[in-house]
Amino acid sequence: MSRKSTLDLTPPDWTDVPTITVFDRKAFTKSFDILAVRAPVSKISTILRAPEMKGSLLDIPKVHSVDVDPQNPQSHRLVLLKAATKTEVPEKVVNFLETQTGSNELVPYTMTLDYDHWTAEEIIRAVMPRHLKNGAPSGFAITGHIAHVNLTDDYLSYRKLIGQIILDKNKAIRTVVNKLDSIHSVFRFFEMDLIAGEPDFVVEHSESDCTFTFDFREVYWNSRLHTEHARLVQLFNPDDVVADVFAGVGPFAVPSAKRGCAVFANDLNPNSTKYLKINVEKNGVDPFVRVSCEDGRDFIRSVFRRSFEDPFPALRGPRLSKTQERRIKKAGLYEPPNVTDAPPRRRISHVVMNLPDIAITFLDAFRGILVSDEVPGLREIYDVMPMIHCHCFTRELDPKKAEVDIRKRVERRLGASLTADFYLHWVRSVAPHKEMYCISFRLPSKVALASV
C-alpha cells in the first residue's frame, strides 16, 4: 500500500534562516529528492496519458514533468513522479509501468526550485514574521504600469520589501505604491507612498476598448470598478444624453460617448478634467463630450438648461472607424453616414453620480431643476424623467437592510418618495462592514418641479 507524498513545495521560510539580514533572492532555493521513471522516448506519450498514472505524475507550475535522461540522452527520458520514496508510488503505477513499458525502473532525481518559481504571495508570506504570516498581503490592483496595495499598519514596516517582491514578480509593473488612509479633502483622491520602482505616476490604462491617461497621484481611479463601469454604460442607448456629475478622467463618459451617447462630463478636480479632455480627444469622441470643471451641485442645477438651450445634434447612424472612413474615401464613396432629420438631443436621459462617499448628499440639488421662467419649453420635453444612478456606501451587510438604509437616505435628501421605477445593484465589498451599491431611480417629477 502506497503512502501519501510528503513533498513540501512551499518556499524556504525566512524566519528559519536567522543569518539573513538583507533580502537575498538566492536564499529562496529549495531542492527535492524525488523519483523518476526511466523509459524509452517512444513510451513517454503512453505514460503521460495513461489513466493509471493520474495523480502520480509531478504536476507543478513552471516545472516540466519530463527531463532528458543524462545516462541515455538520445534514447531515454525521465518522467518525474510526485513521490520521494518507492513506498509512495501506488502499486497500480508499478504494475502499469512493468506491463506497458517492460520496465518499472525508478531512479532518483533532484528537482530544484528557486526564487523565480514561487508567486509574489508565496514569497511575501515566507518573509513575514510568524505572527504576521496568516494575514500577509495577498493581492494588489494594477493600473497601467502601477501596482497599488493597501497595507494595514502591521505591515507598513515591511512595505519596501513587499513592493520589491511585487516588482520582481510582475514584469509589466514598473512602479509600486501603497495607498494611504488619507484622502484629499476636496478632490477625494488617495495619498500614496512609493514603495518600489520608478517614480513614474502618469499611466496609460486600457478599459472597455478605451485608453485612459492620467496621473495616478492627482486623480481618483479604481481598476476594481471596471465591471461597474461597463454595466452602467450598457444601460444607455446610443441616442441618450448622459450627465456625469463626478466624471473623473472619464471611465463612464468616454465609453458612453463611444456608444454614441452625448455626454456632459463634469469634475471639480482640475487635474481630472485636464486628463478627461486628453482622453476624450485620444479616443476620438470630441463631438460627443462636453467637459466642465465645477462643483457638482452647481453642475446639476445648470446642466438641464444647458442641454435644452445648446443641445447636442441628433445621433447619426452607426459610427465608422477611422479605417472604415479611409477605405470609403479612397473608393470615392464618402458621405456623412446616415444623417437623420431627427431633432437635436435636448433631453437628459441619465445622470451618473459616482462619488459613493458623498453622492447622496448632492441629491437635493435636483429640486426645481425644471422650473425656469427664463427657459420656456424646458419642462415640456421631460415627458419621461431621467434615471439617476447614484453610488453610495452602507454599513448594512444584509441586502434587505441595505436597501432600507439607502432608500431612506435618498428619499430624505430628495424630499420625496421614490416611485416603483428604482433598483439597487450591489457593486462590491469595500472593507469589513462597508458595502458599495448603486441605486438607480427615476427622478420623481415632484422633485424636479419643486419650488425652491
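Numbering (the working numbering), first residue to last: 7 to 458. Backbone N, C-alpha and C define an ideal beta-carbon position, used for all residues, glycine too.
Open item on the list: Using only CA atoms, which one of 434, 443, 178 lies nearest to residue 408?
Closed with: 443
Open item on the list: For residue 385 and residue 353, I'd like the C-alpha separation in whole angstroms.
Closed with: Approximately 10 Å between the Cα atoms of the pair.
Open item on the list: I need the straight-line Cα distance from residue 91 to residue 115, nearest angstrom please.
Closed with: 11 Å
Task: Bounding residues of the beta strand (DSSP E) (the contiguous stretch that carries residue 272) - done: 268-272
Task: Check whether residue 367 and residue 419 have beta carbons under 9 Å apart - done: Contact: yes.
Task: Complete alpha helix (DSSP H) runs within the region 70-150 (minimum length 4 residues, chain order) - done: Counting whole runs of 4 or more residues, the region 70-150 contains the alpha helix (DSSP H) stretches 97-107, 126-133.
Open item on the list: Could you tell me which whole alpha helix (DSSP H) segments of length 4 or greater appear in the region 16-62?
Closed with: 50-55
Open item on the list: Using only CA atoms, which one of 257, 71, 42, 170 lies nearest to residue 149?
Closed with: If we check each option's Cα against that of residue 149, 257 comes out closest.
- [ ] Tell me residue 4's beta-bridge partners as DSSP assigns them.
- [x] This structure leaves residue 4 out entirely; the chain is present only between 7 and 458.
Task: Unbroken stretches of the beta strand (DSSP E), 3 residues or longer, contained in the region 393-439 - done: 393-400, 428-437
Task: Contacts around residue 435, its chain only, beta-carbon distance under 8 Å, and the 5 residues preceding and following it disregarded - done: For residue 435, where only same-chain residues beyond five positions count, the Cβ hits under 8 Å are 441, 442.
Task: Endpoints, beta strand (DSSP E) assigned at residue 200 - done: 196-203
- [ ] Report the three-state DSSP secondary structure of residue 153 (helix, strand or coil).
- [x] strand
Open item on the list: Please classify residue 243 as buried or exposed, where buried requires at least 16 neighbouring CB atoms within 10 angstroms.
Closed with: exposed
- [ ] Mind checking which residues open and close the beta strand (DSSP E) that includes residue 298?
- [x] Segment 295-298, the beta strand (DSSP E) holding residue 298.
Open item on the list: Is the beta carbon of residue 151 closer than 9 Å to that of residue 179?
Closed with: yes
Open item on the list: Classify residue 340: buried if its beta carbon has 16 or more other beta carbons within 10 angstroms, exposed otherwise.
Closed with: Low local confidence applies: a pLDDT of 46 at residue 340 is under 50, so the model's placement there is unreliable, with the coordinate-based value given in what follows. By the neighbour-count rule (16 or more Cβ atoms within 10 Å), residue 340 is not buried but exposed.
- [ ] Determine the DSSP secondary structure at residue 249, reduced to helix, strand or coil.
- [x] DSSP places residue 249 in strand when its eight states are reduced to three.
- [ ] With a 10 Å radius around its C-beta and 16 neighbouring C-beta atoms as the bar for buried, classify residue 84 as buried or exposed.
- [x] buried
- [ ] List the whole-angstrom C-beta distance separating residue 202 from residue 166, where the pair is believed to meet the contact cut-off of C-beta under 8 Å.
- [x] 7 Å
TODO: Name, in chain order, the residues that DSSP records as bridge partners for residue 221.
DONE: 208
Task: C-alpha distance - residue 29 paired with residue 183, whole-angstrom precision - done: 19 Å
Open item on the list: At the level of alpha carbons, what is the spacing between residue 82 and residue 106?
Closed with: 15 Å
Task: Range of the contiguous beta strand (DSSP E) that encloses residue 357 - done: 356-359
TODO: May I have the straight-line CA-CA distance separating residue 199 from residue 350, to the nearest angstrom?
DONE: 48 Å
Open item on the list: Distance check for residue 372 and residue 246, CA to CA, integer angstroms please.
Closed with: 19 Å
Task: Per DSSP, cross-strand counterpart(s) of residue 445 - done: Answer is 396, 430, bridged to residue 445.
Task: Same chain, Cβ closer than 6 Å to residue 206, five either side skipped, listed in chain order - done: Excluding sequence neighbours, residue 206 sits near 181.
- [ ] For residue 428, collect the residues of the same chain with a Cβ closer than 6 Å to its Cβ; drop the 5 residues on either side in sequence, then sort them by chain order.
- [x] 447
- [ ] Classify residue 380 as buried or exposed, calling it buried when 16 or more other Cβ atoms lie within 10 Å of its own Cβ.
- [x] Around the beta carbon of residue 380, a 10 Å sphere encloses fewer than 16 other beta carbons of the protein chains shown; the residue is thus reported as exposed.
Task: Status (buried if at least 16 other CB within 10 Å, exposed otherwise) for residue 145 - done: exposed
- [ ] Could you check if residue 437 is buried or exposed, using at least 16 other CB atoms within 10 Å of its CB as the buried criterion?
- [x] exposed
Task: The alpha helix (DSSP H) enclosing residue 168, as first and last residue numbers - done: Its alpha helix (DSSP H) spans residues 165-175.
Task: Among 154, 39, 38, nearest to residue 173 - alpha-carbon criterion - done: 154
Open item on the list: Does residue 277 come out as helix, strand or coil in the three-state DSSP assignment?
Closed with: helix
- [ ] Would you mind stating whether residue 393 and residue 321 have Cβ atoms separated by less than 9 Å?
- [x] no
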